[in-house]
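Working notes, structure below.
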Amino acid sequence: MKRARKNCITLVTDVCNDSLDRFKSVLNAVIKRAGFGGALRVLVYKCRDLDFNRYIRELNSVTANNYTVTIFVYEFDDLSELVKEIDKNIFSGCDNTSLI
Numbered sequence: 055m056k057r058a059r060k061n062c063i064t065l066v067t068d069v070c071n072d073s074l075d076r077f078k079s080v081l082n083a084v085i086k087r088a089g090f091g092g093a094l095r096v097l098v099y100k101c102r103d104l105d106f107n108r109y110i111r112e113l114n115s116v117t118a119n120n121y122t123v124t125i126f127v128y129e130f131d132d133l134s135e136l137v138k139e140i141d142k143n144i145f146s147g148c149d150n151t152s153l154i
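Position 40 (the sequence shown) corresponds to 94 in the working numbering; numbering is contiguous.
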């Protein structure tokens with residue numbers, strides 16, 4: 055039996071009230087790209103005026119229906135902290151890693 059490749063992806067994105075639909079579609083696309091058994095780290099820079107409840111509903115609607123990819127979500131209000139997080143390697147056993 056052929057072993058599936060483990061794709062590990064880090065997605066860096068901003069989320070504002072006017073971009074929640076785009077966030078949801080990008081997240082779905084990246085989950086498909088990671089594939090079965092893959093891992094996804096999402097680094098979210100939140101806008102100050104973000105409707106947090108709506109954001110959580112959108113995020114949950116994507117992650118709750120996902121059974122193939124391990125997802126880690128980190129939220130930031132400070133851009134410098136987000137940049138520091140990019141340098142950390144939380145993945146192990148990956149055949150392929152990428153940053154989007």
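Quick reminder that beta carbons are idealized off the backbone N, C-alpha and C, glycines included.
Three-state secondary structure (DSSP) of I110: Residue state for I110 is assigned as helix, using DSSP reduced to three classes.
Simplified DSSP assignment, three categories, for L153: Secondary structure of L153 (DSSP, three-state): strand.
Between the CA atoms of L153 and D141 - distance to the nearest angstrom: Taking the Cα positions, D141 is about 11 Å away from L153.
D72 - DSSP class collapsed to helix/strand/coil: Of the three classes helix, strand and coil, the one that applies to D72 here is helix, per DSSP.
DSSP-derived helix/strand/coil call for A83: Three-state result, A83: helix.
Option nearest I125 by Cα separation, candidates V98, R76, N71: Put simply, of V98, R76, N71 the residue whose alpha carbon is nearest the alpha carbon of I125 is V98.
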